[in-house]
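Read the structure below first, then the notes.
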Amino acid sequence: MPDPIPTTAPKLFCFAVEEEARSFRPKTKSQILVTGIGRANALRSLVNTLDNTTPSVVFTCGFAGGLNPKLPTGTVLHSSSAEFGLTKAGSRKSVFYCGDRVLVTPEEKKRCRNQTGADAVEMESGAIHEFCQKSGIPCATVRVISDAANEALPLDFNNLMNENMTLRNSTLAVAILRRPWRIPALIRFSRQVKSAADNLTSVLTRVDQSNP
């Protein structure tokens with residue numbers, strides 16, 4: 235049995251990339267961990283961090299692709315071992331699927347929805363949840379839909395990542411140069427993601443303040 239977690243232990247908020255954490259960072263004194271994209275990076279970063287500290291709760295946060303066609307972009311969803319005030323803060327309890335790749339098209343999302351029954355897809359939280367459960371650490375997934383089930387992404391971001399699941403700016407630049415007609419869609423998507431991140435920050439800030 236793991237040792238009991240002190241109630242005064244810090245909270246840990248995990249995000250895959252800095253863009254997900256940026257608007258929340260100045261609003262919290264809690265620890266933020268940027269893990270990198272994908273299960274392996276998330277697990278490696280979390281294990282390294284927990285070598286030095288044991289948090290009272292781990293929140294695994296960020297963007298998610300919508301699978302449930304009833305959920306619009308900007309909807310904040312959660313799945314957790316306890317409530318943590320998430321529903322009161324404006325989040326909706328949901329089912330997540332932890333995938334190994336970015337789902338780009340509505341057809342891919344529909345297929346995943348039919349196969350899993352999940353409301354949204356992400357790429358890190360499943361691994362973090364499994365580790366926390368084994369370690370006896372309370373854990374909650376809190377994600378915001380960045381692209382709804384009926385929306386296609388402006389680019390296939392799977393092709394822009396290297397073998398370590400790192401997004402390469404140089405590859406992104408080349409992809410844009412080769413497809414300049416995608417620029418308006420990329421600009422719209424950037425604004426959409428920024429708005430979604432603000433929605434997530436609003437919920438996380440309320441939860442952070444209500445769970446000292």
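Using our numbering, the final residue of the sequence shown is 446, and nothing's skipped along the way. Here a beta-carbon is modelled for each residue, glycine too, at the ideal position from N, C-alpha and C.
Classification of residue i by the beta-carbon crowding that lies within 10 angstroms, buried from 16 upward
i: D442; result: buried
i: K245; result: buried
i: S404; result: exposed
i: V310; result: buried
When the options are compared against residue i, the one with the closest alpha-carbon
i: A409; options: G270, R422, N392, R425; result: N392
i: M439; options: V251, A250, E252, R256; result: Residue identity check: residue 439 is Thr in the sequence provided, not Met. The option with the nearest alpha carbon to T439 is R256.
i: E306; options: L394, E252, D381, T294; result: Sequence inspection shows Pro at residue 306; the Glu mentioned does not correspond to that position. For P306, the nearest C-alpha among the options comes from D381.
i: G454; options: P418, R326, A419, A243; result: Look at the range of the chain in this structure, 235 to 446, and you will see that residue 454 is not part of it.
i: F365; options: R259, E341, R278; result: R278
Separation of residue j from residue i, as counted between CA atoms
i: L406; j: F423; result: 14 Å
i: C373; j: E254; result: 18 Å
i: A383; j: L401; result: 23 Å
i: D432; j: C346; result: 27 Å
i: P238; j: L389; result: Residue confidence is low: P238 scores 43 on pLDDT, short of 50, so the model does not pin down where it sits. Its coordinate-derived value is still stated next. So the alpha carbons of these two residues sit roughly 46 Å apart.
i: I266; j: P303; result: 31 Å
i: T321; j: S436; result: 13 Å
i: E252; j: R335; result: 19 Å
i: E317; j: V268; result: 24 Å
i: A419; j: A430; result: 16 Å
i: I362; j: V329; result: 15 Å
i: S314; j: I421; result: 33 Å
i: V376; j: A298; result: 9 Å
is_contact[residue i, chain D] using C-beta, thresh 7 Å
i: K261; result: Protein chain content of the structure displayed is limited to a single chain, and chain D is not contained in it.
Problem - Stretch-stretch touch, CB-based, cutoff 8 Å, three pairs: the stretch 360-379 with the stretch 398-416 - result: no
Practice task
Assess, as a yes-or-no matter, whether the stretch 269-280 is touched by the stretch 355-362 under the definition of 3 or more beta carbon pairs within less than 8 Å.
Solution key: yes
Exercise for the section: Just list the beta strand (DSSP E) runs in the stretch 250-286, keeping only unbroken ones of 3 residues or longer that don't cross its boundaries, in chain order. Expected result: 265-268
Practice task
Tell me, please, whether the stretch 338-353 touches the stretch 279-293 by the rule of three or more beta-carbon pairs shorter than 8 Å.
Solution key: no
Handout entry: Every unbroken alpha helix (DSSP H) inside the stretch 387-426 [4 residues or more]
Key = You should have 403-412.
Practice task
Ignoring anything shorter than 4 residues or poking outside the stretch 302-336, list the alpha helix (DSSP H) runs there in chain order.
Solution key: none
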